[in-house]
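This report refers to the structure that appears directly beneath it.
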Amino acid sequence: MAFLFLFDTLYCLVLQKIQTLIGEKLVEIQLEQRDRAFLWVPFFIAVGIGFYFSLKTEPTWPSIIGALIVTIGATVSYWLKNKDRVNAFLMGALIIANLIVIGFTAAKLRTDIAYTPMIPKKMQYADVVGTIQSIEPMEQGSRVILNNLVIEKIVPDKTPRKIRVTLRKDEGLRAGQRIQILTGLNPPSPPVAPEAFDFQQWAYFHGIGAVGFSYGAPEILEDKKAGIITTLRGQIGNVITKHTSNPEQSIILALMTGQRKAITEEDWEAMRASGLAHMLAISGLHVGMVATVLFFFSRLLMACIWPLALHHPIKKYAAIFAMIGAFFYMLMVGATIPTQRAMIMTALAMIAICFDRSPFSLRLVAFAAVIILLYRPESLLSVSFQMSFAAVTALVAFFDWTRPFWKRSYSRAGMGRKIALYFAGLSCTTIIAGFITGIFALYHFQQYAMYGLLANLIAVPILSIIVMPLLVLCYFLMPFGLSSWILSIAEYGVSWILATAHWVAGLSGAVFHLPAFPLFIFIGIVISFWWIIVWKGEFKKLAYAGLVILVGLIAFYRQPDMQITSNGDLIALQNQKGELVLSNLQKERFTADNWVQRHAQDEKPKWPKTAADEFPLQCDERGCRGEINGQEIAVSFSDKAWREDCQWSDIQIATTPMKGCAAPQQIDRFDLWRNGNHALWITPEDIIVKTVEEVRGKRPWTQSKRG
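Position one of the sequence shown corresponds to residue 11 (the working numbering), numbered consecutively onward.
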C-alpha cells in the first residue's frame, strides 16, 4: 500500500510538472506568433480550397451550409460565453475551422458560377456562329475565343459558353464581329497522366467547352464594335505590327497587350532554358515596373513645378497616378491571375504610400492572396499563382529581414556604390526568386534553369531600364502617332534580351531535368517553406527536417513501368535502362511529348520489333509478350490474341473489349475509355494501377468524359 501511495504521488507530481511545462510552452508560442496570425489566413483558406478540389465527388450545398452554420455558430457561441476568459488556442482552432470552411465554400460557389456545358465527343464537322470575344495572333494564323454561340446539332442548354478555335490564316478579323465558320471541335482534353495538368479543368473555369480549328475562312455576319479595352488592344497591336518586325515584335506584343501566341517555339524554349520565361508572363515584375516608371517620372515632373512641389503632397499624387496607370496596364494585358495579384499588391503599396506607411510587408502579400483566393479559388491550382506568390513572399521576407543592411548601405552611398548595390539587390532577387520558383518549375515542368542568375543579371536591367520605360511612353505617344521611333529603340532592347536567352540556353548544362514526383511531396515542400518564412521560434527546425525528408522521398520515387492512353493507340514502357520507350511515334504526339517530359528525357525512342537486352517485350502485328519484374505481361491488338494470352499472363492489356479472360489483372478497351490514361507500377509482389478518371473523380469539369 505504501508503495502504491508513493507511486501515485510521484505520478501526480510528474504529470502536474508536464502540464505546467506544456502550458508555459503554449503561452510562449502564443506570444511569439501573435504578430504573425494574419499571415496564416490565406494558408487555411487555401487548405479549404485544396480540400474541395481533392474530392472525387461534388459536395452538396446542404452539407456545406451545415458546416458553415456549425463552425460560425460554435465560434460566436464560445465568444459570447467566454468574453473575459477566452482560451486563445481554442479560439484559434475555431477560427482555423472557419477559414477552411470559407475556402471550401468559395471554391464550390465559384465552380457553380463558372459552369459551362462541354461537348461530349469529337465533332469532325460543326457549323458554328459566334461573336469574337478576343483574337490573338500566333506564329502561324491566329486563335479566337467565340461566345454567344449557336452550334449545329447542339441544343441551347447544352451549348458551351465559349469555344476556342485556331484559324489557319490571319483573316484580318477583330473582336466584336459576329462570324460563321466550319470547324472541327473536340472536348477539352483530360490530363495525360494521373496528377498531371488538367486542361479540362482549366477550360471549365475559363468557360471554354470545346476547342478546335477552322476548315476555311470565316464569314462575317455582323460587324459590331468591340469594347473599349479590346479595341484599344487591337489598335496597339496594329501599331506594333506596323513599326516592328519579328521575332522582337512578338515579344513587344506580349509586353504591351498580353498576346503571347505569336512567340516562336524556339524563342520560348530559349527563354525557359535561360530562366527568362518570367519576362513573358505578365505579373508582378511588369506591373511593378510600370507603376515605378509612372511614380518616378510623374513625381519628377511635379517636383519641377515649384508651387506644386512646395504646397502639395506630390509623392501621394504620384502614387495615385501610378496606381491608375498600373490598372490601365492590367486591362491592356488581359487581367490574368498573376496580373490581378500584382495589381492588388501595387494598389495596396500605393495606398500605403498615401497614408505614409511602409508599402512592402508580408501582411500586404497575405491580404492580396486572400482577395485572389476568395475571388478566383481555382487560381490556387495554377502555376502562375503559385510561382508569383511564392516568389513575392520569399522576396518580401528576405528584404524585410535584411532591411537594416540595405538602409545602412544606401544612406551614404555614392553613385558607384549605388550601382553596385543595385546589382547586388538584383542578384539576391534573382537567386531567391529563381530558387523558390524553381521548385514549382521542377514539379510542373520537370526542368530548372541552371544559369538563370547569369541571364537575369544581363536581361533584367535591359528590361527595367530601357524596354519597359519606353513601352510605357509608347502608350502616351501612340494616340499622336509619335511612337514609331520609341518602338524602334525598344526593339533593339528586346533583341538584346533574346540574344541573351539564346546564348545562355546554348551553354552546356543549361537545364537540369528531374522526373515528375507525387503531389503530396510537392504540397509538403510548399508547406515547409511557408512554415520557415512565417513561423517564429524553435519549431521552425521541424520545417527544415521535413524538407530533408521530402527531398529524399523524391530521390526514391519510382516512375510508372507502363503507361497507356485512353484509346490504346500509345503505350509507353520503361526499359531496364530507365528510359521511356514508346509503341509508336505517329499517334498521340502531344501525350507522348508530355510523357517524355515527365520522365525527364529529351528523346522519344520507339519500341524495338524484337526483344532486346534492355527491352523486355517481344512484339508482332498481333501484340506483345514479355516479363517485367517477374510479372508476365501481354498486350493484345485483336480478339484472337487476347484469348490466347489470357491463359498465361499476369497482366492482360487489350485494345479491344474482353470478356471471360482469366488473367489476374485485366485492362481492356472499355476500361481505357471509361477511366482514361493508365499508369502501372509493376513489382514481383503487386501491380498498382492509377488512372486519370479515378484520380480526378466525377466533378463538373469531367462531364464530357463521364456524361
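All residues carry an ideal CB built from backbone N, CA and C; glycine is no exception.
Excluding five sequence positions before and after residue 633, the CB atoms of its chain that fall closer than 6 Å to its own CB belong to 645, 646, 647 and 651, given in chain order. Taking the Cβ atoms as the reference, residue 682 lies roughly 6 Å from residue 574, within the contact range of under 8 Å. For residue 664, the enclosing beta strand (DSSP E) starts and ends at 661-664. The alpha-carbon separation between residue 358 and residue 439 amounts to approximately 21 Å.
Under a 10 Å Cβ-count criterion, residue 184 is classified as buried, with 16 or more other Cβ atoms of the shown protein chains found around its own Cβ. Annotation for residue 691: the continuous beta strand (DSSP E) segment containing it runs 688-692. Beyond the five residues adjoining it in sequence on each side, residue 234 comes within less than 8 Å, by CB distance, of 141, 186, 187 and 188 in the same chain, given in chain order. In the three-state reduction of the DSSP assignment, residue 638 falls in the strand class. Looking at the DSSP output, residue 160 shares a beta bridge with 139.
Rounded to whole angstroms, residue 515 and residue 280 show a C-alpha spacing of 5 Å. Looking from the CA of residue 409, the closest CA among 663, 443, 486 and 366 belongs to 443. Following the DSSP letters along the chain, one finds residue 577 in no beta strand (DSSP E), marked with neither H nor E.
Comparing C-alpha distances from residue 405 to each of 419, 441 and 428 shows the shortest one belongs to 441.
Burial state of residue 659 is buried, judged by a 10 Å Cβ sphere holding 16 or more other Cβ atoms. Here residue 502 is exposed, its C-beta having fewer than 16 other C-beta atoms within 10 Å.
In the structure shown, residue 126 falls within a coil segment according to DSSP collapsed to helix, strand and coil. With a cut-off of 8 Å on Cβ pairs, the stretch 102-121 is in contact with the stretch 49-57, counting three or more such pairs. Where residue 252 is concerned, the enclosing alpha helix (DSSP H) starts and stops at 238-253. Residue 655 counts as buried, since no fewer than 16 other beta carbons sit within 10 angstroms of its beta carbon. Membership of residue 487 in the alpha helix (DSSP H) is indicated by the continuous run 478-487. Bridge partners of residue 152 according to DSSP: 147 and 177. By the Cβ criterion, the stretch 471-487 is not in contact with the stretch 528-539, since fewer than three pairs of Cβ atoms, one from each stretch, lie closer than 8 Å. Excluding residues up to 5 positions away in sequence, 198, 200 and 711 lie with their Cβ nearer than 6 Å to the Cβ of residue 210 in the same chain. Contact between the stretch 252-261 and the stretch 203-219 is not established, with fewer than three Cβ pairs separated by less than 8 Å.
Under the three-state reduction of DSSP, residue 598 is assigned to coil, being neither helix nor strand. From the listed residues 152, 337 and 577, the smallest Cα separation to residue 260 is found for 152.
Secondary structure note for residue 282: its alpha helix (DSSP H) is the uninterrupted segment 275-283. With contacts defined by Cβ atoms closer than 9 Å, residue 379 and residue 399 form a contacting pair. Less than 9 Å separates the beta-carbon of residue 204 from that of residue 704. Per DSSP, residue 522 is one residue of the beta strand (DSSP E) stretching across 521-523. Judged by DSSP in its simplified three-state form, residue 571 adopts coil rather than helix or strand. Here residue 525 has 456, 567, 569, 608, 609 and 610 as same chain residues with Cβ atoms under 8 Å from its own Cβ, once five neighbours each way along the sequence are excluded.
Within the same chain, 328 and 331 come within 6 Å of residue 308 by CB-CB distance, once the 5 residues on both sides are set aside. DSSP, read as helix, strand or coil, puts residue 235 in coil. Closest by C-alpha distance to residue 593, out of 628, 224 and 587, is 628. According to the DSSP assignment, residue 592 belongs to the beta strand (DSSP E) that extends over 590-592.
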